[in-house]
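Enquirer: A single structure is presented below for examination.
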Amino acid sequence: MSSTMHLTRRSFVGLAATAGVAAMAGGLLSACTQQEAERAAKNVVETDFVIVGGGIGGLGAAIRAGETGKRCVVLEKEAALGGDSALSSGTIHAPGTKLQDAQGYGGDTVDAYIDYMRLPDARYEHPGEPLCRAMYAGAVAMVDDLNAQGLGFVPLEDWDPRAHNVEGAGGALVAFVKQQAVEAGAEIRLKTKAEQLVVEDGRVVGVLDAAGTLYRAPAVILATGGFTNNPAMVQQYVPEYADVRVISSAGAEGEGLVMAQEAGAGAVALDAGEHTYFVSTESMTDMSLPPSSAPGIVVNIEGDRFHAEDAHYDTAGKLGMKQPEHRGYYVFDEGVRAEYDLFEDYFAEGIVIGGAPLDELAETIGAPNLPATVAHYNEMMATGVDEDFGRETFLAPLEGPTYYALSIEPCIYYSYGGLDIDECAHVLDESGAPIPGLFACGEVCASSEVREGLLYTSGLSQGYVFGQIAVDAATEEA
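Structure below.
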């Protein structure tokens, strides 16, 4: 872990590089003055907030704007709202909610959660964790408020009672907050791509869209998501992920990051990596659950184990990236299938391979070392100790007689690096000073957890909470 007392603020973009990345993001996104914007504009919209991006962050900001009696326009470049939020599992991590109290998990605190999430070998740190403290406290209010207004959550579970899973996952969450935003008076414009920030005397005063509409407002909130679906930006900032499958939304192309940098914004942890997990090579089906929830094993294409199956799913995904062809198999037997019903959905989907003796399965999937791997694994299971990788849960042999496999590969779906913000969601310039009129929330910002030395868990709350904080801060400063 770094010993510095402050996060390093990095500028990865010189003048030439900025133009190059702007082209990668879909156009020249340089900031313009108000006079230039007015000359280029075909029409002008006056509002209190321009919110760029219609995921959980942008919609959360729109809700708060309506609650405070402010007008807002949400600009979403895609044909539908949601982005990565709609594709997510709908999990909101929050310590100390009313749902926890009601279900026997009371007494949780933000301090306890931060202590639990802190990584001893983190690349970045920020003593006091101001962003995470603001985000986790806001996540508690987020869960409590949304639940009180009618959003359903599935019952909490012992293995992680801070994980509040929305009934219907991310799609249901986005539909719920969209309805709230509309009822609060938000104007939502789909298929509307923001292209330039408008800057006057050092202050952001609006946005110009691709169709030539100028949106003038005293505050602009960027909620545009990350850059995972922009191959050129991935290659530039995190090239080790360039050949890994992408499962984020099509709109995660990095324009918000580039637009803000053109206006002088600083960025943090752009080289910190991407969040990963295993998916089916046959579909986009999430495969992070089976390895940590049942006694099967994960092997590479040669049939060799390469990690403890109960490792965190992001750790497992990153280890999978280092394997031949970036893929492998989750192998289980008839006994596991009979005992754990989570596999039946995979059978119904038609993505399970095998149903054969081990030697035949190994031949079918082309993993010659699999029989020896299973034999060695079973020997270790007889002692109750995984001497190879230290697996601690679901320690049981695979005894057949019938064996199955799921073909898996790592994917990337969340950019850790992004804009530098403070706990009031101000976008900071390269010196660490707030850029007047410019705010940001969600994945366009660097992960609060990663930059403060914690394990990443909180994409949804980073969007929603800081979107609402941005509205509160801008309103107070007006």
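Positions -25 to -1, 1 to 453 (mature numbering (1 follows the signal peptide of the UniProt record, and there is no 0)) are the ones given, in order, by the sequence shown.
Glycine residues also receive a C-beta, built at the ideal position from the N, C-alpha and C atoms.
None of the values given here were measured: they were computed from a predicted structure.
Let me know the secondary structure DSSP gives Cys47 once reduced to three states.
Expert: Reading the sequence shown from its first residue, position 72 is the one you call residue 47. Cys47 falls in the strand class under three-state DSSP.
Enquirer: With a cut-off of 8 Å on the beta carbons, I'd call residue 458 and Gln437 a contact; round off their distance for me.
Expert: Given that the chain is displayed from residue -25 to residue 453, the structure contains no residue 458 and the question cannot be resolved.
Enquirer: Give me whichever residues DSSP pairs with Phe128 in a beta bridge.
Expert: What you label residue 128 is simply residue 153 of the sequence shown in a count that begins at 1. Phe128 is bridged to Val141.
Enquirer: Does the beta-carbon of Lys45 have 16 or more other beta-carbons within 10 angstroms, so that it is buried, or is it exposed?
Expert: The sequence position of residue 45 within the sequence shown is 70, counting from 1. Label assigned to Lys45: buried.
Enquirer: So for Pro265, helix, strand or coil by DSSP?
Expert: The residue you call residue 265 lines up with position 290 of the sequence shown. It is helical.
Enquirer: Would Gly329 and Ser224 qualify as a contact pair, given that the criterion is a beta-carbon distance under 7 Å?
Expert: By one-based count along the sequence shown, residue 329 stands at place 354. By one-based count along the sequence shown, residue 224 stands at place 249. Against a cut-off of 7 Å, the Cβ pair of Ser224 and Gly329 comes out as no contact.
Enquirer: For Gly393, which beta-bridge partners are listed by DSSP?
Expert: Position 418 of the sequence shown, counted from the start, is the residue given in the question as residue 393. In DSSP, Gly393 forms a bridge with Val243.
Enquirer: Considering only C-alpha positions, which residue in the set Ala415, Gly143, Asp320 is nearest to Thr260?
Expert: Your numbering for residue 260 matches position 285 in the sequence shown. Measuring from the Cα of Thr260, the nearest candidate turns out to be Asp320.
Enquirer: For Leu435 and Asp83, I'd like the C-alpha separation in whole angstroms.
Expert: As a working note, residue 435 is residue 460 in the sequence shown. As a working note, residue 83 is residue 108 in the sequence shown. C-alpha separation (whole angstroms): 20 Å.
Enquirer: How is Ala449 classed by DSSP in three states: helix, strand or coil?
Expert: Here residue 449 is taken as the residue at index 474 of the sequence shown, counted from 1. If DSSP states are grouped into helix, strand and coil, Ala449 belongs with the helices.
Enquirer: Straight-line CA distance for Gly1 to Glu230?
Expert: Working through the sequence shown from its first residue, we reach residue 1 at position 26. Working through the sequence shown from its first residue, we reach residue 230 at position 255. Only weak support is given to the placement of Gly1: the predicted model assigns it a pLDDT of 45, under 50, and the question is left unresolved by the model.
Enquirer: Would you kindly report the start and end of the unbroken beta strand (DSSP E) that includes Arg312?
Expert: Stepping through the sequence shown from its first residue, residue 312 is reached at position 337. Looking at the DSSP string, Arg312 is not in any beta strand (DSSP E); the run it does join, the alpha helix (DSSP H), is 309 to 314.
Enquirer: Could you give the first and the last residue of the continuous beta strand (DSSP E) run that contains Ser423?
Expert: As a first step, residue 423 is located in the sequence shown; it is residue number 448 there, counting from the start. First-last for Ser423: 423 to 426, but that is the alpha helix (DSSP H), not the beta strand (DSSP E).
Enquirer: Going by the beta-carbon positions, is the gap between His139 and Val118 smaller than 7 Å?
Expert: Residue mapping note: residue 139 aligns to position 164 of the sequence shown, counting from 1. Residue mapping note: residue 118 aligns to position 143 of the sequence shown, counting from 1. Result yes, Cβ atoms of His139 and Val118 sit closer than 7 Å.
Enquirer: Using the C-alpha atoms, what's the distance from Asp184 back to Arg164?
Expert: Translated into positions along the sequence shown, residue 164 becomes position 189. Translated into positions along the sequence shown, residue 184 becomes position 209. Cα-Cα distance, rounded: 11 Å.
Enquirer: Taking the alpha-carbon positions, what's the Arg191 to Glu162 distance?
Expert: In the sequence shown, counting from the first residue as 1, residue 191 sits at position 216. In the sequence shown, counting from the first residue as 1, residue 162 sits at position 187. In a straight line, the C-alpha of Arg191 is about 14 Å away from that of Glu162.
Enquirer: Anyone know if the C-beta pair for Leu245 and Gly392 falls short of 7 Å?
Expert: Walking along the sequence shown from the start, residue 245 turns up at place 270. Walking along the sequence shown from the start, residue 392 turns up at place 417. Contact flag set, yes.
Enquirer: Go ahead and pull the three-state DSSP assignment for Arg108.
Expert: Looking up residue 108 in the sequence shown gives position 133. Three-state DSSP puts Arg108 in a helix.
Enquirer: Considering Cα atoms alone, identify which of Leu264, Glu300, Gly310, Asp308 is closest to Tyr288.
Expert: Locating residue 288 in the sequence shown gives position 313, where the first residue counts as 1. The shortest C-alpha separation from Tyr288 is found at Leu264.
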